[in-house]
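Residue numbers (the numbering used here): 1 to 278.
We put the CB at the ideal spot given by N, CA and C, even for glycine.
Here's the structure we're looking at; comments come further down.
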Ligand SMILES: Cc1cc2nc3c(=O)[nH]c(=O)nc-3n(C[C@H](O)[C@H](O)[C@H](O)COP(=O)(O)OP(=O)(O)OC[C@H]3O[C@@H](n4cnc5c(N)ncnc54)[C@H](O)[C@@H]3O)c2cc1C
């Protein structure tokens, strides 16, 4: 059944970027419609449960100064806080928090759902609607359309997403989540050029397979500094992390066993530009 709604701003995707876009637009008194493929995945973090870090901590602070959510919600769900790069000059110090990723997404989800200026609709945007060279809305996989004055695309890594696990290739967004098919084709049809970026994730280890005697403890800062510059004090919990540095022998073994996988064979590099995370 066709459904017609009109909002000031339509935000496609409820990841980090979508949440901040919706929140700030709502603060400016715009009516916002967020389209998400999974209401439970609003604000969901990728594999690494960290907010901030080198070249990212200052962005979290900038987002905070601009009225965003990430910094204050990271403070509320933080497990360990550390200013990185302390041995170098102050200009390159970077705040990083290890956070409880489930608590973080719960806080983000409730903040979004309780915002009276944000409506959330479950669906997959598959096409941009254009009227006289101007975007007028998007159509959804179920055949309905939503209309708005502005459309913000924050589809993350999901657009035509392809996951490689060894030799297996899976069309998907993140592990366990559907990919998003249609928006890329729609952008191409409108004359945009598209490309493919590549990211990676570390292997998950079974804790029973780890010799804990060979690891060391990595503590956070004694006096954690909050992300929001205006908040004077922070009294979070600080849980130790475990550090493990592989020996040269193990590094050689890993290199040897990864021969033949798409990443090391170069097939991925030919198709995709690398984006490096920490
Ligand atoms: C394997 C992997 C490892 C990563 N590791 C890290 C890391 O360690 N550190 C780091 O900082 N970053 C990492 N990233 C990148 C991470 O995805 C981004 O940092 C971050 O999630 C980007 O936020 P985002 O809001 O742009 O996108 P996302 O968080 O990906 O959110 C996009 C949202 O849009 C929704 N969506 C997409 N298409 C549609 C559609 N058509 N209709 C409706 N909803 C849609 C999705 O369901 C999702 O909820 C990793 C990514 C991957 C895939």
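Would you mind sorting residue i into buried or exposed? The rule is 16 or more other CB atoms within 10 Å of its CB.
i           : result
residue 75  : buried
residue 95  : buried
residue 29  : exposed
residue 244 : exposed
residue 254 : exposed
residue 113 : exposed
residue 82  : buried
residue 54  : exposed
residue 139 : buried
residue 167 : exposed
residue 89  : exposed
residue 190 : exposed
residue 183 : buried
residue 277 : Only weak support is given to the placement of residue 277: the predicted model assigns it a pLDDT of 39, under 50, and the question is left unresolved by the model.
residue 192 : exposed
residue 270 : With a pLDDT of 47 at residue 270, under the threshold of 50, the modelled position of this residue cannot be trusted, and the question is left open.
residue 9   : buried
Considering only residues of the same chain and omitting the five flanking positions on each side of residue i, which have a CB-CB separation below 6 Å?
i           : result
residue 100 : 77 and 79
residue 23  : 69
residue 158 : 173, 179 and 180
residue 161 : 172, 173 and 179
residue 239 : 79 and 80
residue 38  : none
residue 44  : 105
residue 216 : 243
residue 116 : none
residue 1   : Because residue 1 sits at a pLDDT of 44, beneath the cut-off of 50, its placement in the model cannot be relied upon, and the point is left open.
Who are the near neighbours of residue i in its chain, counting only those whose CB is closer than 8 Å to its CB and skipping five residues on each side?
i           : result
residue 279 : It is not possible to answer for residue 279, since the shown part of the chain is limited to 1 through 278.
Considering only residues of the same chain and omitting the five flanking positions on each side of residue i, which have a CB-CB separation below 7 Å?
i           : result
residue 154 : 11, 12, 13, 15, 17, 18 and 21
residue 67  : 24 and 27
residue 86  : 93
residue 141 : 123, 124 and 126
Restricting to Cα atoms, I'd like to know which of the options is closest to residue i.
i           : options               : result
residue 201 : 163, 53 and 167       : 163
residue 84  : 115, 51 and 166       : 51
residue 110 : 42, 239 and 136       : 42
residue 212 : 187, 241, 221 and 188 : 241
residue 47  : 176, 246 and 115      : 176
residue 57  : 49, 44 and 71         : 71
residue 218 : 98, 169 and 185       : 98
residue 188 : 45, 223, 126 and 8    : 126
residue 7   : 248, 115 and 137      : 137
residue 151 : 142, 186, 165 and 135 : 135
**OP:** Give a yes or no on contact between the segment 103-114 and the segment 127-135, applying the rule of three or more CB pairs nearer than 8 Å.
**Re:** Not touching, per the Cβ criterion.
Subject >> Contact between the segment 138-147 and the segment 201-213 (3+ Cβ pairs under 8 Å) >> reply: At 8 Å Cβ cutoff, the stretches do not touch.
Original post:
In the segment 44-125, which residue ranges form an unbroken beta strand (DSSP E) of at least 3 residues, counting only runs that do not cross its ends?
Top reply: DSSP runs (the beta strand (DSSP E)) wholly in the segment 44-125: 50-52, 78-84, 94-99 and 118-122.
Original post:
Counting Cβ pairs, one atom from each stretch, are 3 or more of them under 8 Å apart for the segment 114-127 and the segment 31-38?
Top reply: Contact holds: three or more Cβ-Cβ distances are below 8 Å.
**OP:** Taking only runs that begin and end inside the segment 223-254, name each unbroken beta strand (DSSP E) of 3 or more residues, in chain order.
**Re:** The segment 223-254 contains these whole beta strand (DSSP E) runs: 241-243.
**OP:** Report the residue ranges of all beta strand (DSSP E) runs contained in full by the segment 127-179; include only those spanning at least 3 residues, in chain order.
**Re:** As for any beta strand (DSSP E) of minimum length 3 sitting wholly inside the segment 127-179, the runs are 134-140, 145-153, 162-165 and 168-171, ordered along the chain.
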